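Mapped onto full-length UniProt numbering, the consecutive letters of the sequence shown carry residue numbers 1 to 334.
To start, the structure itself, in structure tokens.
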Amino acid sequence: MLENKLSRHYWHMIAHRTELPANNDFLVLKWAHGDIVVFNDADDLIVFDNLCPHRGTRFFIEPAGNAPAYCPYHGWSYRNGEVRVPNPERFKPCDLTRARLNKFQVDWCGDFLFFAIEPCMSLVDQLGETTTTLEDISFNISGRSDLNQYDFECNWRIALENALEPYHIDLIHTDSLGVLKLQDGENKFYGLNSEWRAEVGDERLAKRLKTMRRLFSIDFQYEGYLSLYIFPYAMLSSTFGYSYSLQNFFPSAQAGHTHFASRLLTVPTPAASVAATSAFFESTAKVNRQVFNEDHDICRRVSLSALETHDILSETEEKVRHFRNALQQVRTTT
Ligand code: FES
Ligand SMILES: [Fe+2]
């Protein structure tokens with residue numbers, strides 16, 4: 001099955017280093033195979049299945065926070081790379097070395113963390129030329145200011161195809177993203193990944209955005225709207241590099257559902273502009289939430305079977321075609 005191949009054999013963008021700066025910081029995302037935990041274990045960021053190795057209780061039930069990896073059922077825990085079992089002598093007939101977390105492989109692109117189960121290639125090969133842009137972005141992020149998770153009532157491919165085309169912006173995001181009046185812009189394709197850069201067409205807004213540059217301590221930006229598709233389930237987008245929205249569209253075990261998660265990643269700010277940028281990040285998070293609700297509302301009206309039958313695509317939907325081809329490649333090769 002396509003989703004199994006994608007989930008098992010490819011790398012998945014999961015977090016930014018600054019989202020989990022302290023020991024015991026955790027983040028939980030859902031996908032078709034359960035919950036994925038990202039956990040700061042004494043400064044080592046690890047990714048594992050949210051299941052206690054004893055009898056499978058979920059360690060964490062909150063989406064994010066700071067707490068030890070401690071199972072409240074019988075008190076097993078995980079710390080400094082080891083599963084701790086209270087009174088191990090009681091387990092004499094059992095081999096306690098089998099008591100291990102189901103950990104995933106991890107790798108980094110700059111400060112972005114990726115995980116994989118049995119990757120069919122290295123992370124660098126999977127990212128191709130997207131690597132440089134991702135690294136540049138990753139070194140211009142200071143933390144997370146919003147985490148928004150819910151299920152889209154549509155297949156993940158419908159949600160992703162929607163995220164890949166700007167054709168719908170004017171009608172669906174009239175009062176949100178649409179106010180930027182984004183130009184047609186340019187698509188670039190990097191192996192399985194793709195990128196769209198477009199200038200802000202509303203001159204007044206473009207001017208205002210330009211003058212905001214002094215509020216941030218960044219050394220990388222695209223002066224316009226940048227949207228990166230990180231194969232297979234992630235998108236990263238930004239206006240002028242003043243914040244980044246990281247979105248995951250993980251398949252759900254429930255047919256016709258997508259585990260959607262979006263985060264607003266903030267960028268470094270000099271002390272003098274903290275008040276202004278906090279307000280900016282807050283309003284950006286609010287607009288982003290509106291944009292995703294608008295996307296969700298239209299996506300749940302799209303027929304799943306049309307993914308296989310409807311292929312009349314405009315120039316602005318070129319990335320949708322590329323995505324479909326990438327999936328076809330996975331179906332036939334992995
Ligand atoms: S299920 Fe976790 S300690 Fe028993
Ligand atoms: Fe949209």
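By construction, the Cβ of each residue, glycine as well, lies at the ideal position given by its N, Cα and C atoms.
The structure presented is a predicted model; accordingly, all values stated were derived computationally and were not measured.
Is MET212 helix, strand or coil when you go by DSSP?
Here MET212 sits in helix by DSSP.
For MET13 and PHE292, I'd like the C-alpha separation in whole angstroms.
19 Å
Under a Cβ-count criterion, where at least 16 other Cβ atoms within 10 Å of its own Cβ denotes burial, should VAL124 be classed as buried or exposed?
exposed
Please state if the CB of ASN66 and the CB of PHE59 are separated by a distance shorter than 8 Å.
No, they are not a contact pair.
Among all residues, which have a Cβ less than 7 Å from at least one non-hydrogen atom of ligand 2, and in what chain order do they fall?
Listed along the chain, these residues meet the criterion: ASN162, ALA163, HIS168, ILE169, ILE172, HIS173, LEU177, VAL291, GLU294, ASP295.
Which residues have their C-beta within less than 5 Å of a heavy atom of ligand 1, listed in chain order?
CYS52, HIS54, ARG55, THR57, CYS71, TYR73, HIS74, TRP76
Exposed or buried, what is PRO166 when buried is set at 16 or more other beta-carbons lying within 10 Å of its beta-carbon?
buried
Does the Cβ of ILE312 have 16 or more other Cβ atoms within 10 Å, making it buried, or fewer, making it exposed?
exposed
Looking only at C-alpha atoms, which of ARG144, ASP41, MET1 sits nearest to HIS9?
MET1
Here's the rule: buried if 16 or more other CB atoms are within 10 angstroms of the residue's CB, otherwise exposed. What is TYR73?
Around the beta carbon of TYR73, fewer than 16 other beta carbons sit within 10 angstroms, so the residue counts as exposed.
Would you call the region 319 to 330 in contact with the region 152 to 172, where contact means no fewer than 3 C-beta pairs closer than 8 Å?
Taking 8 Å as the limit for Cβ pairs, the verdict is that the region 152 to 172 does touch the region 319 to 330.
Cutting at 7 Å between CB atoms, please list the residues of its own chain near ASP107, excluding the five before and the five after it.
Within the same chain, TRP11, PHE114, LEU123 come within 7 Å of ASP107 by CB-CB distance, once the 5 residues on both sides are set aside.
Leaving out five residues on either side along the sequence, give the residues of the same chain with a beta carbon under 7 Å from the beta carbon of residue 336.
For the chain, the structure presents residues 1 to 334; residue 336 sits outside this window and is missing.
Suppose you measure from the CA of ALA279 to the CA of ASN325; what does that come to, to the nearest Å?
41 Å
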